[in-house]
Amino acid sequence: AQSVTQLGSHVSVSEGALVLLRCNYSSSVPPYLFWYVQYPNQGLQLLLKYTSAATLVKGINGFEAEFKKSETSFHLTKPSAHMSDAAEYFCAVSGRGSQGNLIFGKGTKLSVKP
Amino acid sequence: NAGVTQTPKFQVLKTGQSMTLQCAQDMNHNSMYWYRQDPGMGLRLIYYSASEGTTDKGEVPNGYNVSRLNKREFSLRLESAAPSQTSVYFCASSGGTTYNEQFFGPGTRLTVL
């Protein structure tokens, strides 16, 4: 069975500050991990994905995430927050045998203060 | 390419009414999915279709039916709507392997009174 836990339903940062959104996963098979972003009143858009090629994954809009097997984590970071980063972020996991189905975390809403 | 399209964008129903949410993709994907999104709950899978002609239940299938009409289209039907089905519904598609990302439609906001 697979599951995802996102720590913190709301995170608030100042513009220019580091963004850190936490994701921990549980998986009995090697996982594939994804971060999606949802802007208000829109669908989800892929930010980045981990498919075992490299543990540090770079995505769009300056975001990156590091896969740490020992910590079962896949935290999302961005060195300097921009107002346009305000959105909800979802971590998701899939794995061999899942037929491509994703298990989503409950989401973290990021606010960026001027 | 339009990607994943959904109709309608908004809908208000009375309890007991029925309706069908439509979804189409133009990316030649094998797999299609229906999710519902509720505040604080993330996305929960209702039904999915791994390939044309097959459908399977997800985490929350009760009260819903689906049809994979062809490779492009995957519809979700509420036979007798209930207030608990008030939600935002998203359709998604993917290549179908475990490392393929899913592409999402813009969503349908449904209110059941």
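Order-wise, the sequence lines are chains A and B.
Here our numbering is used: the first residue of the first sequence is 106, the next is one more, and so on.
Here our numbering is used: the first residue of the second sequence is 405, the next is one more, and so on.
Note that the Cβ used here is the ideal one computed from N, Cα and C, for glycine as well.
**Report entry** Range covered by the beta strand (DSSP E) that runs through Tyr240/A
**Finding:** Coverage of chain A is limited to positions 106 through 219, which leaves residue 240/A absent and any answer about it impossible.
Query raised in the report: Skipping 5 residues on each side, what residues in its chain have a beta carbon closer than 6 Å to that of Ser498/B?
Result: The beta carbon of Ser498/B sits closer than 6 Å to those of His433, Ser435, Asn504, Gln506, all from its chain and outside the five residues before and after it, given in chain order.
Query raised in the report: Taking the continuous beta strand (DSSP E) assigned at Met423/B, which residues delimit it?
Result: It spans 423–429 - the beta strand (DSSP E) in which Met423/B sits, taken as one unbroken run.
Query raised in the report: Does DSSP put Met445/B in a helix, in a strand, or in coil?
Result: Here Met445/B sits in coil by DSSP.
Requested in this report: Spell out the partners DSSP gives Gln489/B in its beta bridges.
Outcome: Gln489/B pairs with nothing; no bridge assigned.
Query raised in the report: Quick one: what's got a C-beta closer than 8 Å to Ser422/B's C-beta in the same chain, skipping five residues either side?
Result: Once the five neighbours on either side are set aside, the close Cβ partners of Ser422/B are Arg481, Leu482, Glu483, Ser484, Ala485.
Query - 8 Å contact criterion, which Ala191/A and Phe139/A should meet: CB distance rounded - result: Contact annotation, Ala191/A with Phe139/A: C-beta distance approximately 20 Å; criterion of less than 8 Å not satisfied.
Query raised in the report: If we call anything under 8 Å between Cβ atoms a contact, is Tyr439/B one with Leu449/B?
Result: A Cβ-Cβ contact shorter than 8 Å links Tyr439/B with Leu449/B.
Query raised in the report: Buried or exposed: Leu125/A, going by 16 or more other Cβ atoms within 10 Å of its Cβ?
Result: Counting every other CB atom within 10 Å of its CB across the protein chains shown gives Leu125/A a total below 16, marking it as exposed.
Requested in this report: Within the same chain, show all residues whose beta-carbon is closer than 7 Å to that of Pro412/B, passing over the 5 residues directly before and after it, in chain order.
Outcome: If we look at Pro412/B and ignore the five residues flanking it on each side, its Cβ neighbours are Thr512.
Query raised in the report: Taking Cβ positions only, does Leu425/B come closer than 8 Å to chain E?
Result: Among the protein chains of the structure shown, namely A and B, there is no chain E.
Query raised in the report: How would you list, in chain order, the residues of chain A whose beta-carbon sits under 8 Å from the beta-carbon of Glu505/B?
Result: The contacting residues are Phe139, Leu151, Lys154.
Query - Chain-ordered neighbours of Gly511/B on chain A, where CB pairs are closer than 7 Å - result: In chain order: Gly148.
**Report entry** Spatially closest choice to Gly164/A from Leu181/A, Ser189/A, Ser216/A, Leu152/A, by CA coordinates
**Finding:** Nearest of Leu181/A, Ser189/A, Ser216/A, Leu152/A to Gly164/A, Cα basis: Leu152/A.
Query raised in the report: Going by DSSP, what residues sit across from His115/A in a beta bridge?
Result: Beta-bridge pairing links His115/A to Lys214/A.
Query - Residues that Asn206/A contacts on chain B, provided the C-beta gap is smaller than 8 Å - result: Per Cβ cutoff of 8 Å: Tyr437, Leu449, Tyr452, Gly462.
Report task. Tell whether a beta-carbon distance below 8 Å holds between Gly121/A and Ser185/A. Result -> Yes.
Query raised in the report: Is it the case that the Cβ atoms of Ser114/A and Thr213/A are separated by a distance below 8 Å?
Result: Taking 8 Å as the cut-off, the Cβ atoms of Ser114/A and Thr213/A count as close.
**Report entry** Spatial neighbours of Ser471/B in its chain, beta-carbon cut-off 6 Å, leaving aside the 5 residues before and after
**Finding:** Closer than 6 Å at the Cβ level, and outside the excluded window around Ser471/B, lie Ser479.
Requested in this report: Consult DSSP for Ser189/A and reduce its assignment to one of helix, strand or coil.
Outcome: Of the three classes helix, strand and coil, the one that applies to Ser189/A here is helix, per DSSP.
Report task. Report the residue from Pro136/A, Glu169/A, Met188/A whose alpha carbon sits nearest the alpha carbon of Leu207/A. Result -> Restricting attention to Pro136/A, Glu169/A, Met188/A, the CA atom closest to the CA of Leu207/A is found in Pro136/A.
Query - CA nearest to the CA of Ala428/B, picked from Tyr493/B, Leu514/B, Lys475/B - result: Taking each of Tyr493/B, Leu514/B, Lys475/B in turn and checking the Cα distance to Ala428/B, the smallest one comes out for Lys475/B.
Requested in this report: Decide if Phe414/B is buried, meaning its Cβ has at least 16 other Cβ atoms within 10 Å, or exposed.
Outcome: Classification of Phe414/B: exposed, given that the 10 Å Cβ count is below 16.
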